[in-house]
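Below you'll find the structure, written out as C-alpha cells, and then a few comments.
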Amino acid sequence: MKKTLLVGRHGVGKTTLKQVLREEPIHYVKTQCMDYGDWLLDSPGEYAEVHGLGAALAIYSYEAEIVALLISADDDYSLFPPNITCMVNREVIGIVTKIDKASPDRAENWLRLSGCEKVFHIDSHSKKGVNELKAYLQKQA
Ligand SMILES: Nc1nc2c(ncn2[C@@H]2O[C@H](COP(=O)(O)OP(=O)(O)OP(=O)(O)O)[C@@H](O)[C@H]2O)c(=O)[nH]1
Ligand SMILES: [Mg+2]
Numbered sequence: 001m002k003k004t005l006l007v008g009r010h011g012v013g014k015t016t017l018k019q020v021l022r023e024e025p026i027h028y029v030k031t032q033c034m035d036y037g038d039w040l041l042d043s044p045g046e047y048a049e050v051h052g053l054g055a056a057l058a059i060y061s062y063e064a065e066i067v068a069l070l071i072s073a074d075d076d077y078s079l080f081p082p083n084i085t086c087m088v089n090r091e092v093i094g095i096v097t098k099i100d101k102a103s104p105d106r107a108e109n110w111l112r113l114s115g116c117e118k119v120f121h122i123d124s125h126s127k128k129g130v131n132e133l134k135a136y137l138q139k140q141a
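Each residue of the sequence shown is one higher than the last, beginning at 1 in the working numbering.
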C-alpha cells in the first residue's frame with residue numbers, strides 16, 4: 001500500500017478509517033501522538049487545528065507518498081485554506097467522512113477548493129466507499 005498520512009480535525013474519523021482500512025474492529029481511541037503504523041500515518045486532530053503544531057504535519061508528509069485531507073460531511077467549516085495542496089510536494093487526496101450523517105457535497109466542494117482533484121466519500125461504519133479508497137491506495141505492480 002502507498003504510505004498515507006491522514007490529516008483532519010479532532011473527531012473527523014481518521015482513526016476509525018485507519019481501523020477499517022486495516023480490517024481491525026472499530027473501537028474508539030483518542031489519538032494522542034502520531035500513530036506511525038506500517039503504511040498509515042494517523043495524526044492527532046490537534047496537529048491540524050493548532051497553528052504551532054502544524055509543522056509536525058509538514059515533516060510527516062515527507063514520510064508519506066499520499067497526504068489525505070479529511071472533512072466530515074456534517075462539518076460546518078473547513079480547516080483547509082484554498083489551494084493548500086500546492087504547499088505539499090506529495091499527492092494530496094480528499095476524503096469526506098461520515099457520509100451517513102449528511103450530504104457529502106459541501107465537504108467535497110471545500111476539498112476541491114483546497115486543491116484535491118480526487119475526492120472519496122466514506123462511511124466507516126457501513127464501510128461504504130472503503131473498497132474504492134483501498135484500491136486507489138494499492139501500489140501498482
Ligand atoms: N456516523 C459516523 N461516525 C463516524 C464515522 N467515522 C468515525 N465516526 C465516529 O466519530 C468519532 C471520532 O472518530 P475518530 O476516528 O476517533 O476521529 P479522529 O479523527 O481519529 O480524532 P482524533 O484522534 O481526536 O484526531 C467516533 O465516535 C467514531 O465512531 C462515520 O463514517 N460515520
Ligand atoms: Mg484519531
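Even for Gly, the Cβ is constructed at its ideal location relative to N, Cα and C.
- Looking at the DSSP output, Ser72 shares a beta bridge with Thr97.
- In the same chain as Ala73, and ignoring 5 residues on each side of it, the C-beta atoms closer than 6 Å to its own belong to Val96, Lys98, Ile99, Lys101, Ala102, Pro104 and Ala107, in chain order.
- Taken in chain order, the whole alpha helix (DSSP H) runs of length 4 or more contained in the segment 2-28 are 14-21.
- Judged by beta-carbon spacing, Ser43 lies within the 7 Å limit of Val7, meaning their Cβ atoms are closer than that value.
- For His10, the CB contacts under 6 Å within the same chain, skipping 5 residues up- and downstream, are Gly45 in chain order.
- Taking all protein chains shown into account, Leu53 has fewer than 16 neighbouring C-beta atoms within 10 Å of its C-beta and is therefore exposed.
- In the DSSP annotation of this structure, the continuous segment of the beta strand (DSSP E) that includes Asp42 starts and ends at Leu40 to Asp42.
- Taking 6 Å as the cut-off, one finds at least one heavy atom of ligand 2 near enough to the beta carbon of Lys14.
- Approximately 6 Å separates the beta-carbon atoms of Cys86 and Gly115; this is inside 8 Å, confirming the contact.
- For Val130, the enclosing alpha helix (DSSP H) starts and ends at Val130 to Leu137.
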